[in-house]
Structure formats: structure tokens, C-alpha cells
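The block underneath contains the structure these notes are about, expressed in C-alpha cells.
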Amino acid sequence: NAGVTQTPKFQVLKTGQSMTLQCAQDMNHNSMYWYRQDPGMGLRLIYYSASEGTTDKGEVPNGYNVSRLNKREFSLRLESAAPSQTSVYFCASSARGTSEEQYFGPGTRLTVT
Amino acid sequence: AQTVTQSQPEMSVQEAETVTLSCTYDTSESDYYLFWYKQPPSRQMILVIRQEAYKQQNATENRFSVNFQKAAKSFSLKISDSQLGDAAMYFCAYQEYGNKLVFGAGTILRVKS
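Sequences listed follow chains A and B, in order.
Position one of the first sequence corresponds to residue 9 (this note's numbering), numbered consecutively onward.
Position one of the second sequence corresponds to residue 464 (this note's numbering), numbered consecutively onward.
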């Protein structure tokens, strides 16, 4: 099992460009999450999907959209990248989204110039 | 909103000695979960230990144990017999039943040989 995979691992964008971060899990988990990690602030939830077909906003959703393509895949889209979106992005999944352990992907380092 | 505070931005410990990382949280709930995650330089997030609030017994995982003080809303992590491989960023996280994880800002642990 690969667990949670993310692509790409690194990306540099110019302000105003768009891109999609891809995430897939092979553990048959119901819930998936997108976080961003900034220095001194820990991880903050951007969006999550409690189950296939549902998505909800987290703490910092502005400037992002998500798609739960199927049970395995959960993508994060930046429509018009801004320097404030320079961060490390993590995807995670959990079996039921309650007290279940969240399993994290390796992260994507995104720089917006 | 729930908050998680890690008051120690950085800690150091001598190899083979014991270190305690502090975490406090704010909640009005009685049922919730607390976690410690480890993030080594590889960026991978690894679950270290989990505590259910309804359990009075402190969780332990090999060299890792917690001191859970529910009334004080305190959840510290003790690492015994510290090893070089323990050097990492450690995040405390809080979760209500059926809800999202809220992370603290993290504590960098350095292990000296």
C-alpha cells in the first residue's frame, strides 16, 4: 500500500497562475483533508471531505476550491495564485473522520512569486 | 473556537535523557481526543500517541507517554531515553468527536549526542 500520495512534490507559480494539487489514498478511507503548514502556525485545515460526494470549508478556505473526484481522490485547486499561498500543503485521510488517526501524504511545497 | 497552545517553540535534550513537551488547549466539551504528531525533516507527519478524554489512564507508546490533566486542559508529552531519531517538530492536536483536527504551532526538539 502506498498510503496517501500527493503530486507534485514541489511547484513554483507566478502570481495569477492556476494549478491543481492531486491527492490519492489506497486505504479505502471515507474522509479526506487538505491542510497548509506555515512557519510558526502549525497545520491549518483548508477543506475537508467527510465522505464521497461531500466537501466542507475548514479554517482557511479563501482562494481554494476542492473536488472529491471519487472515494480515492481529493484535489485542491488554486484558481489565481497569490504570494500569500506560498506554503507546504498536506493531504490526509482517515477511516471515518471521528477519532480515527489521520494519515498524511508527504506534502507539496508551493512557492508563488 | 478551540485553540491549542504549545508554549515551547524549541527544546533541547541530551541523548538518553528525558524531555517533556507542553501543550494546553481550550474547550468547553467533555468528550474529545488529543494527539501528538511528529514531523521529522522529511516532512512526513507521524502519529506518536493518542488520548481519549474519557479515559483517565494516561496513554503510553514505548518510550513516549503523556500526562493528561483534564481539569487543567493540559496534555504534555514525555520522551524517555531520547534518541537522535527523536529530533523533529512535534505537534499537539485536538479533535472533537466527528470534527476536525486543530493543531498547535509546534515545538522543535533537538537531541544532542
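Each residue gets a CB set at the ideal place from its N, CA and C atoms; glycine is no exception.
- When CB distances to chain B are screened at a threshold of 9 Å, the residues of the stretch 103 to 118 of chain A falling below it are R104, G105, T106, S107, E109, Q110, Y111, F112, G113, P114, G115 and R117, in chain order.
- One thing to note: B:V467 has its Cβ no nearer than 7 Å to the Cβ of B:V529.
- Leaving aside the five residues that flank A:K79 on each side, the residues in its chain whose CB is nearer than 6 Å to its CB run, in chain order, E60.
- The CB of A:F98 comes closer than 7 Å to the CB of M508 in chain B, given here in chain order.
- CA-CA distance, B:D549 to A:P91, rounds to 33 Å.
- As DSSP reads the structure, A:N73 sits in a beta bridge with A:R85.
- Its Cα nearest to that of A:L86, the residue A:V68 stands out among A:V68, A:H37 and A:F112.
- The Cβ of A:G48 sits closer than 7 Å to at least one Cβ of chain B.
- Nearest neighbour of A:T13 by Cα position, chosen from A:G71, A:C31, A:G66 and A:S57, turns out to be A:C31.
- Residues of the stretch 58 to 79 of chain A whose Cβ lies closer than 7 Å to any Cβ of chain B, in chain order: G66.
- Rounded to whole angstroms, the separation of the alpha carbons of B:D544 and A:M40 is 35 Å.
- At a cut-off of 7 Å between beta carbons, B:A568 contacts chain A.
- Taking C-alpha positions only, A:L77 is separated from A:S83 by approximately 8 Å.
- Taking 7 Å as the cut-off, the beta carbon of B:Q477 is found no closer than this to the beta carbon of B:K563.
- Looking at A:A100, A:V120 and A:T121, the one whose alpha-carbon comes closest to that of A:Y43 is A:A100.
- For a cut-off of 8 Å, the C-beta gap from A:L53 to A:Q93 is around 15 Å, too long to register as a contact.
- Only exposed fits A:V20, as fewer than 16 other CB atoms lie within 10 angstroms of its CB.
- Contacts with chain A (Cβ-Cβ distance below 9 Å) from the stretch 501 to 532 of chain B involve Q502, S505, R506, Q507, M508, I509, L510, R513 and E515, listed in chain order.
- At least 7 Å separates the CB of B:F538 from every CB of chain A.
- By the rule that beta-carbons nearer than 7 Å mark a contact, A:L29 does not touch chain B.
- Secondary structure of B:S543 (DSSP, three-state): coil.
- Beta-bridge partners assigned by DSSP to B:C486: none are found.
- Counted as a single uninterrupted DSSP element, the stretch harbouring A:E109 is not any beta strand (DSSP E), since DSSP gives it neither H nor E.
- Residue-level contact check: A:L53 touches chain B, since one or more beta carbons of chain B fall below 7 Å from its beta carbon.
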